[in-house]
Amino acid sequence: MKIKPFIQNKYLKYALVLFAGLILGWLIFGSSGNADKHEEHKHEASEKQIWTCSMHPQIKQDKPGKCPICAMDLIPLKTASSASDATVNPNSIHMSEEAIALANIQTTVVGTGNTNKAIQLYGSIQPDERFSQSQSSYVSGRIERLFVNFVGESVRQGQTIATIYSPELLNAQQELIEAAKLVASQPYLLQAARQKLLYLNMPEDQISRIEKSGKVTPVVEVKSNTNGILVQKNVNQGDYVNQGTVMFKVANLSQVWAMFDAYESDLHFLKVGEQLSFTLKALPGKTFSGKISFIDPIVDKTTRTAKVRIVIPNPGLLLKPEMYATATVNSSLKQYKDRIVIPKSAILWTGKRSIVYVKQQGISSPVFSLREVELGPSLGNAYVILSGLEQGEEIVTNGVFSVDASAQLEGKQSMMNKD
3 MKIKPFIQNK
13 YLKYALVLFA
23 GLILGWLIFG
33 SSGNADKHEE
43 HKHEASEKQI
53 WTCSMHPQIK
63 QDKPGKCPIC
73 AMDLIPLKTA
83 SSASDATVNP
93 NSIHMSEEAI
103 ALANIQTTVV
113 GTGNTNKAIQ
123 LYGSIQPDER
133 FSQSQSSYVS
143 GRIERLFVNF
153 VGESVRQGQT
163 IATIYSPELL
173 NAQQELIEAA
183 KLVASQPYLL
193 QAARQKLLYL
203 NMPEDQISRI
213 EKSGKVTPVV
223 EVKSNTNGIL
233 VQKNVNQGDY
243 VNQGTVMFKV
253 ANLSQVWAMF
263 DAYESDLHFL
273 KVGEQLSFTL
283 KALPGKTFSG
293 KISFIDPIVD
303 KTTRTAKVRI
313 VIPNPGLLLK
323 PEMYATATVN
333 SSLKQYKDRI
343 VIPKSAILWT
353 GKRSIVYVKQ
363 QGISSPVFSL
373 REVELGPSLG
383 NAYVILSGLE
393 QGEEIVTNGV
403 FSVDASAQLE
413 GKQSMMNKD
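Offset between the sequence shown (1-based) and the numbering used here: plus 2.
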């Protein structure tokens with residue numbers, strides 16, 4: 003066979019060129035296609051869809067189906083890879099602009115604020131306990147007559163308010179008369195008899211009259227030891243009483259107390275000596291003021307309040323016990339003046355934790371991250387933040403529950419899920 007003519011055949015040349023082109027094309031484009039398929043496979047693996055239950059976010063599956071707990075249809079779960087920014091925290095919540103508008107989510111840049119607080123206190127007018135007196139019986143016996151008969155009656159100091167028949171007093175007077183007869187030989191006996199009657203609350207001038215006249219009186223007079231109003235009556239005419247029995251209580255209302263209940267969370271806003279103004283429902287249009295004279299150091303275990311007292315002069319008896327009073331205190335926590343203050347609406351409480359949602363900066367789409375904070379004192383509609391936030395950060399102040407609900411649905415950190 004002659005090789006030269008075979009090689010010179012033009013059809014054979016065409017076939018060889020075509021074959022060489024096919025081989026070269028396979029080597030170039032075939033390997034590139036395999037690489038593209040490999041990259042596509044990797045991308046699909048990174049974009050693997052997860053399905054979860056809207057009622058039980060702890061359920062996660064790699065394909066659609068039914069929830070094994072409630073049999074609801076599973077829904078697709080958004081993943082962090084859907085965000086274009088590589089710096090996004092994987093536990094962050096990604097929300098569209100439409101979702102933010104529908105949920106009315108609003109954010110605020112945090113900073114230091116006013117730590118003043120207006121505290122409302124509620125209480126009543128009470129008698130000044132230091133000006134109240136108990137009228138007791140100094141002897142045992144029977145009440146012969148009462149000269150005050152009802153609560154609210156006015157009495158004056160030295161006024162006779164009752165008389166008591168007392169055999170004990172009668173015997174003490176007889177002893178005085180006998181001792182007066184022996185004063186020459188036993189002067190100390192007379193002195194002892196006089197002292198006994200003084201202890202039984204008999205006036206000294208009456209003792210002298212008995213000693214001179216030799217006549218005894220079977221009754222003793224009970225006299226008021228203060229000016230004021232009868233606030234308690236424990237006996238009636240004809241009752242028998244023992245020595246020391248409290249028959250009446252008299253309150254001097256020329257000075258009264260305004261007593262208010264302060265919750266334990268408000269106690270650090272109140273200081274002894276601080277000025278306080280209050281109004282009375284019974285006297286509309288009038289404002290009274292005074293300084294805090296006492297704050298009860300013990301908190302009531304039932305009401306969780308402590309008593310705050312103001313001493314008020316009451317010359318015309320305009321203020322009456324048990325009148326309802328409302329006080330307003332404008333106080334400032336100077337020790338927290340450089341602290342961050344945020345609205346109460348921005349905070350979620352879990353019982354043990356206080357959390358806020360912080361908007362991540364430098365991200366093209368809205369991204370929110372959960373942050374635990376330590377709360378300071380309440381300022382009414384705001385809270386002082388002790389730690390957890392920095393000045394200039396942006397937090398969710400409205401619609402925070404919607405953001406947290408999205409976190410729960412995606413199985414991320416939320417107020418109900420710490421991990």
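From the three backbone atoms N, C-alpha and C, an ideal C-beta is built for every residue, glycine too.
| task | Would you mind sorting residue 360 into buried or exposed? The rule is 16 or more other CB atoms within 10 Å of its CB. | result | Classification of residue 360: buried, given that the 10 Å Cβ count is 16 or more.
| query | From residue 82 to residue 364, what distance separates their C-alpha atoms? | reply | Any reading at residue 82 needs caution, since the residue's pLDDT is 45, under 50, leaving its predicted position unreliable; the model's value is listed next. C-alpha separation (whole angstroms): 16 Å.
| query | With a CB to CB cut of under 6 Å and the five nearest residues on each side skipped, what residues in its chain are close to residue 135? | reply | Listed in chain order, the non-local C-beta contacts of residue 135 below 6 Å within the same chain comprise 227, 228 and 252, local neighbours out to five positions each way being set aside.
| Could you give the uninterrupted runs of the alpha helix (DSSP H) lying entirely in the region 132-194, keeping only those of 4 residues or more? | 169-183, all fully within the region 132-194.
| message | Do residue 376 and residue 394 have their beta-carbon atoms positioned less than 8 Å apart in this structure? | response | Cβ distance not < 8 Å, so residue 394 and residue 376 don't count as in contact.
| said: Distance check for residue 264 and residue 419, CA to CA, integer angstroms please. | reply: Cα to Cα, the separation comes out at about 36 Å.
| message | Less than 6 Å between C-beta atoms, sequence neighbours within five positions excluded: which residues of the same chain meet that for residue 71? | response | In chain order, 58 place their CB closer than 6 Å to the CB of residue 71, counting only its own chain and leaving out the 5 sequence neighbours on each side.
| task | Look at the alpha carbon of residue 342 and the alpha carbon of residue 54, and state the distance between them as a whole number of angstroms. | result | Cα to Cα, the separation comes out at about 38 Å.
| task | Check whether the Cβ atoms of residue 110 and residue 392 lie closer than 8 Å to each other. | result | One thing to note: residue 110 has its Cβ no nearer than 8 Å to the Cβ of residue 392.
| request: Please say whether residue 329 and residue 282 have beta carbons closer to each other than 8 Å? | output: No, the pair does not count as a contact, with Cβ atoms beyond the cut-off.
| request: Kindly indicate which three-state DSSP category residue 104 falls into: helix, strand or coil? | output: Helix, per DSSP.
| field | Beta-carbon contacts of residue 108 that lie in its chain and below 8 Å, excluding the five residues immediately before and after | value | So the qualifying residues of the chain are 398, 399, 400 and 401.
| Proximal residues to residue 423 (C-beta, below 6 Å), its chain only, five neighbours per side dropped | Any question about residue 423 goes unanswered here, given that the chain covers just 3 to 421.
| query | Roughly how far, in whole angstroms, is the beta-carbon of residue 219 from the beta-carbon of residue 138, given that I think they are within contact range, below 8 Å? | reply | In this structure residue 219 is not in contact with residue 138, their Cβ atoms being roughly 20 Å apart against a cut-off of 8 Å.
| Count the other CB atoms within 10 Å of the CB of residue 286; is the residue buried (16 or more) or exposed (fewer)? | Exposed: under 16 other Cβ atoms inside 10 Å.
| message | Only counting the same chain, and skipping five residues up and downstream in sequence, which positions put a Cβ closer than 7 Å to that of residue 319? | response | The beta carbon of residue 319 sits closer than 7 Å to the beta carbons of 255 from its chain, once the five residues preceding and following it are set aside; these are given in chain order.
| Cα-Cα separation between residue 1 and residue 414, rounded to whole angstroms | The structure shown does not extend to residue 1, since the chain spans only 3 to 421, so no value can be given for it.
| message | What does the alpha-carbon distance come out to for the pair residue 73 and residue 407? | response | Each residue's alpha carbon lies about 21 Å from the other.
| request: Could you tell me which of 120, 76, 62 and 69 sits nearest to residue 271, measuring between CA atoms? | output: Nearest of 120, 76, 62 and 69 to residue 271, Cα basis: 120.
| query | Identify the residues that DSSP records as bridge partners of residue 281: which are they? | reply | According to DSSP, residue 281 shares a beta bridge with 289 and 328.
| query | Excluding the five sequence neighbours on either side, which residues of its own chain have a C-beta within less than 7 Å of the C-beta of residue 154, listed in chain order? | reply | For residue 154, same chain residues with a beta-carbon under 7 Å away, outside a window of 5 residues either side, are 231 and 232 in chain order.
| message | Cutting at 8 Å between CB atoms, please list the residues of its own chain near residue 176, excluding the five before and the five after it. | response | Excluding positions up to five away in sequence, the list reads 218.
| Three-state class that DSSP yields for residue 264 in the structure shown | DSSP, reduced to helix, strand and coil, places residue 264 within a strand of the structure shown.
| field | Integer-rounded CB distance, given that residue 117 should sit under 8 Å from residue 385 | value | The Cβ separation is near 11 Å, so there is no contact.
| Sequence-distant residues of the same chain with beta carbon closer than 8 Å to residue 63, five excluded per side | Cβ neighbours of residue 63 beyond the five flanking positions: 52, 53, 54 and 76.
| Helix, strand or coil: how does DSSP classify residue 341 here? | Residue state, collapsed to three classes: coil.
| What residue range is occupied by the uninterrupted beta strand (DSSP E) comprising residue 347? | Per DSSP, residue 347 belongs to no beta strand (DSSP E) and is neither H nor E.
| task | Check residue 300 in the structure and name its three-state DSSP category. | result | Residue 300 falls in the coil class under three-state DSSP.
| Taking the runs of the beta strand (DSSP E) that are 3 residues or longer, which of them lie wholly in the region 199-227? | Given a length threshold of 3 residues, each whole run of the beta strand (DSSP E) inside the region 199-227 is given here in chain order: 221-225.
| message | Among the candidates 172, 129 and 211, whose CA atom is the shortest distance from the CA of residue 143? | response | Answer by Cα proximity: 172.
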